[in-house]
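**Q**
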Amino acid sequence: MKPWLVVAACGLLSVVVTSCTDSAQGQPTSATSVTSDTSAGSTTTGSTTSRVLPPRPRDIDLTGIDPCDMLTKSQAREMEYDKGYQRPPQHDTNDVTGAPSCSFSSSTSGSGLLISPVTTEDASVWLTNPERETVNPPEKTTVDGFPALRIKPKPTDDLPNNCHLIIDVHDGQYIDIFVNNLSGEPAPASTYCTEADKVAGLAIETTGSR
1 MKPWLVVAAC GLLSVVVTSC TDSAQGQPTS ATSVTSDTSA GSTTTGSTTS RVLPPRPRDI
61 DLTGIDPCDM LTKSQAREME YDKGYQRPPQ HDTNDVTGAP SCSFSSSTSG SGLLISPVTT
121 EDASVWLTNP ERETVNPPEK TTVDGFPALR IKPKPTDDLP NNCHLIIDVH DGQYIDIFVN
181 NLSGEPAPAS TYCTEADKVA GLAIETTGSR
């Protein structure tokens, strides 16, 4: 299987992980700060000799985290993921990394979320591994001060707009967020990136407070 293929939950066929055509339009919630490409700061964690991403404000260890616990029920309600607070979210597996994943979905917006705590590789693999083939180089951004990447692999004509976000939270670990359309007419790509940014901020809040 090509490395950019991800199996979406809820009985969907395999989908291609793509990101925003206009990635600058993702907007944070009041509790989430999202900025574009940044330079290294003065207070950091993580290695300092070979990092290809900006430094992190702190480390968040994802070891042993259940992906379905990365959003609380109140956070799922905030995101209108009724498959999350009214019905249990569904455990899954990330086909790219093999990491445990969890799917949430909203009958209101028609969007779906696949979230994974990846603990087997560094976020920088999306910048350095030629097997992670992308249309354009991943866009560097930040979420709540944590380095992040928007990924845009090869698109397909039959896949609606969606957004793929990687958040570097620890050496050799990252949060993988994929938001896409599950029903009806797809919204603009920026809509899914805005949703991914919000989810990222909430997941950082939850996993960082363990």
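Residue 202 in the UniProt record's numbering sits at position 202 of the sequence shown; the count goes up by one each step and never skips. Each residue gets a CB set at the ideal place from its N, CA and C atoms; glycine is no exception.
Could you check the C-alpha separation between Asn-129 and Val-143 for me, to the nearest Å?
**A** Going from the Cα of Asn-129 to the Cα of Val-143 covers about 23 Å.
**Q** Thinking C-beta only, is Phe-178 closer than 9 Å to Asn-161?
**A** Contact: no.
**Q** Determine whether the beta carbon atoms of Thr-206 and Thr-120 lie at a separation below 9 Å.
**A** The answer is no: Cβ separation not under 9 Å.
**Q** Check Ala-148 in the structure and name its three-state DSSP category.
**A** Ala-148 falls in the strand class under three-state DSSP.
**Q** What is the DSSP secondary structure of Thr-134, counted as helix, strand or coil?
**A** Looking at Thr-134 - three-state DSSP - the assignment turns out to be coil, as it is neither helix nor strand.
**Q** Starting from Gly-201 and walking both ways along the alpha helix (DSSP H), at which residues does that stretch end?
**A** Run containing Gly-201: 189 to 208, per the alpha helix (DSSP H) assignment.
**Q** Beta-carbon within less than 6 Å of Gly-208's beta-carbon, same chain only, minus the 5 sequence neighbours each way: which residues are those?
**A** Once the five neighbours on either side are set aside, the close Cβ partners of Gly-208 are Ile-60.
**Q** What are the residues that DSSP puts in a beta bridge with Asn-161?
**A** Answer is none; Asn-161 lacks a bridge partner.
**Q** State yes or no: is the C-beta of Pro-55 within less than 9 Å of the C-beta of Cys-68?
**A** Against a cut-off of 9 Å, the Cβ pair of Cys-68 and Pro-55 comes out as no contact.
**Q** What residue does the alpha helix (DSSP H) around Val-125 start on, and which one ends it?
**A** Val-125 -> alpha helix (DSSP H) spans 125 to 128.
**Q** Have a look at Ser-109 and Gln-75 and give me their C-alpha separation to the nearest angstrom.
**A** Roughly 16 Å separates the two Cα atoms.
**Q** Cα-Cα, which of Asp-197, Glu-78, Ala-99, Asn-180 is closest to Ile-65?
**A** Of the listed residues, the one whose Cα sits closest to Ile-65 is Ala-99.
**Q** Given a cut-off of 9 Å on the beta-carbon distance, is the pair Met-79 and Glu-195 in contact?
**A** For Met-79 and Glu-195, yes; Cβs fall inside 9 Å.
**Q** Is it the case that the Cβ atoms of Leu-127 and Val-199 are separated by a distance below 9 Å?
**A** It is not a contact, given that the beta carbons lie outside the stated cut-off.
**Q** Answer with buried or exposed for Arg-150, where buried requires no fewer than 16 other C-beta atoms within 10 angstroms of its C-beta.
**A** Buried, because 16 or more other Cβ atoms sit within 10 Å of the Cβ of Arg-150.
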